[in-house]
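In what follows, a structure is listed as structure tokens, so that the remarks can point back to it.
In our numbering, the protein residues as written are 234 to 465.
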């Protein structure tokens, strides 16, 4: 194949590898956009997951063991946090190094970016599933079980699945779509809203992480073919 040629109007022919400089520029720019976005989302995911351990900002419930099992799993840390931040750090560093074409556009770096993006995608997917389960089951709280004819008085537990008889449709209708039932939880104060807001944030963040990670997987695969540098 003949070498690339240029004119006053810019590049007109393909490079020796069959890839236009515009494609390589697109790959590098995509990395510089996706990387910082994933950094922000990974940080937000970790913050939301950690806050679930401290209802209302109090630490005593964590020390007493009165935190829901889904919050204790901290999916926003090991799922939507650490893998995403590792991928985001590499992608961001790679993207900005490519701005000056400082020997960064190797296929090996693009391959590493693709692998880390796949791990980030899997971590975000796990966070999405666990956050959805945590949101559906509701929080662990101190509630009056006698109101549901259980005859146990006030106790710590998961009132919303019990109140709905373990029927998913009824549970969703009673819990998520009927805010009047939230007052059944006596302690921690405002735990239901705390649980709903933070798990909802984790759901939205994990979806955004999966989308961006998937885009970077495609971008990394393209980088394996044509490199990442812009100034060739």
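Just so you know, even glycine gets a beta-carbon here, dropped at the ideal spot from N, CA and C.
Check your understanding: Could you give the residue range of the beta strand (DSSP E) that holds residue 376?
Key -> Position 143 of the chain shown holds residue 376. Where residue 376 is concerned, the enclosing beta strand (DSSP E) stretches over 374 to 377.
Exercise for review: May I have the straight-line CA-CA distance separating residue 289 from residue 421, to the nearest angstrom?
Suggested key: Within the chain shown, residue 289 is the residue found at index 56, counting from 1. Within the chain shown, residue 421 is the residue found at index 188, counting from 1. Their backbone Cα atoms lie some 8 Å apart in a straight line.
Practice item. Would you list the residues sitting across from residue 387 in a DSSP beta bridge? Key: Along the chain shown, read from residue 1 onward, the residue named residue 387 stands at position 154. For residue 387, which the question treats as bridged, DSSP gives the partners 377.
Check your understanding: According to DSSP, which residues form a beta bridge with residue 270?
Key -> Taking the first residue of the chain shown as 1, we reach residue 270 at position 37. Its beta-bridge partners do not exist; DSSP assigns none.
Review point. Is it the case that the Cβ atoms of residue 362 and residue 324 are separated by a distance below 8 Å?
Key: Within the chain shown, numbered from 1, the residue matching residue 362 stands at position 129. Within the chain shown, numbered from 1, the residue matching residue 324 stands at position 91. Result no, Cβ atoms of residue 362 and residue 324 do not sit closer than 8 Å.
Exercise for review: Please go through the same chain and pick out, in chain order, the residues whose beta-carbon is closer than 7 Å to the beta-carbon of residue 319, but skip the five residues on each side of it.
Suggested key: To locate residue 319, count along the chain shown from 1; it is residue 86. Counting only Cβ-Cβ distances below 7 Å, and skipping sequence neighbours, we find 349.
Practice item. Could you tell me which residues DSSP pairs with residue 360 in its beta bridges? Key: On the chain shown, position 127 is the one that residue 360 refers to. Residue 360 is not bridged to any residue.
Check your understanding: If you check the beta carbons only, do residue 309 and residue 442 fall under 8 Å apart?
Key -> Along the chain shown, one-based indexing puts residue 309 at 76. Along the chain shown, one-based indexing puts residue 442 at 209. Going by C-beta atoms, residue 309 is not nearer than 8 Å to residue 442.
Check your understanding: Taking C-beta to C-beta, are residue 428 and residue 372 nearer than 8 Å?
Key -> Within the chain shown, the letter at position 195 stands for residue 428. Within the chain shown, the letter at position 139 stands for residue 372. Going by C-beta atoms, residue 428 is nearer than 8 Å to residue 372.
Practice item. Identify the continuous alpha helix (DSSP H) that holds residue 409 and give its terminal residues. Key: In the chain shown, the residue the question calls residue 409 occupies position 176. From DSSP, residue 409 is part of no alpha helix (DSSP H); its letter is neither H nor E.
Practice item. Answer yes or no: the CB of residue 349 versus the heavy atoms of the ligand HEM, is any distance below 7 Å? Key: In terms of ligand content, the structure shown is empty, and the ligand HEM therefore cannot be addressed.
Review point. What does residue 418 pair with, by DSSP beta-bridge criteria?
Key: Along the chain shown, one-based indexing puts residue 418 at 185. Residue 418 pairs with 376.
**Study point:** Limits of the alpha helix (DSSP H) - the one that residue 308 falls within
**Key:** Here residue 308 refers to the residue found at position 75 of the chain shown. From DSSP, the alpha helix (DSSP H) with residue 308 extends over 308 to 311.
Exercise for review: Would you tell me roughly how many angstroms separate the C-alpha atoms of residue 410 and residue 455, rounded to the nearest one?
Suggested key: Here residue 410 corresponds to residue number 177 of the chain shown, with the count starting at 1. Here residue 455 corresponds to residue number 222 of the chain shown, with the count starting at 1. Each residue's Cα considered, the two are about 45 Å apart.
Check your understanding: Can you round the beta-carbon distance between residue 317 and residue 353 to whole angstroms, since I take them to be within the 8 Å contact cut?
Key -> Looking up residue 317 in the chain shown gives position 84. Looking up residue 353 in the chain shown gives position 120. At roughly 4 Å, the Cβ-Cβ gap stays under 8 Å, so residue 317 and residue 353 are in contact.
Exercise for review: Would you tell me roughly how many angstroms separate the C-alpha atoms of residue 444 and residue 387, rounded to the nearest one?
Suggested key: Within the chain shown, numbered from 1, the residue matching residue 444 stands at position 211. Within the chain shown, numbered from 1, the residue matching residue 387 stands at position 154. Rounded to whole angstroms, residue 444 to residue 387 spans 44 Å at the Cα level.
**Study point:** Buried/exposed call for residue 341, threshold 16 Cβ in 10 Å
**Key:** Counting from 1 along the chain shown, the entry for residue 341 is found at position 108. Flag for residue 341 reads exposed.
Point to revise | Euclidean distance between Cα positions of residue 328 and residue 413 | key: Locating residue 328 in the chain shown gives position 95, where the first residue counts as 1. Locating residue 413 in the chain shown gives position 180, where the first residue counts as 1. Spanning the two alpha carbons is a distance of roughly 50 Å.
Practice item. Measuring alpha carbon to alpha carbon, tell me which of 425, 355, 440, 358 ends up nearest residue 368. Key: Locating residue 368 in the chain shown gives position 135, counting from the first residue. Nearest of 425, 355, 440, 358 to residue 368, Cα basis: 425.
Review point. For residue 430 versus residue 277, is the C-beta spacing smaller than 8 Å?
Key: Looking up residue 430 in the chain shown gives position 197. Looking up residue 277 in the chain shown gives position 44. No, Cβ-Cβ distance for residue 430 and residue 277 is not below 8 Å.
Check your understanding: Looking at the unbroken alpha helix (DSSP H) that takes in residue 291, where does it start and where does it end?
Key -> Walking along the chain shown from the start, residue 291 turns up at place 58. Note, residue 291: premise wrong, no alpha helix (DSSP H); not H, not E.
Check your understanding: Between residue 435 and residue 364, which are expected to be in contact by the criterion C-beta below 8 Å, what is the C-beta distance as a whole number of angstroms?
Key -> Here residue 435 is taken as the residue at index 202 of the chain shown, counted from 1. Here residue 364 is taken as the residue at index 131 of the chain shown, counted from 1. Contact holds; Cβ gap of about 4 Å.
Check your understanding: In its own chain, which residues sit with a C-beta less than 7 Å from the C-beta of residue 321, not counting the 5 before and 5 after it?
Key -> To locate residue 321, count along the chain shown from 1; it is residue 88. Correct list, in chain order: 268, 271, 272, 275.
Check your understanding: For residue 294, which option in 417, 418, 374 has the closest C-alpha, if you only look at C-alpha atoms?
Key -> Residue numbering aside, residue 294 sits at position 61 when the chain shown is read from its first letter. The shortest C-alpha separation from residue 294 is found at 374.
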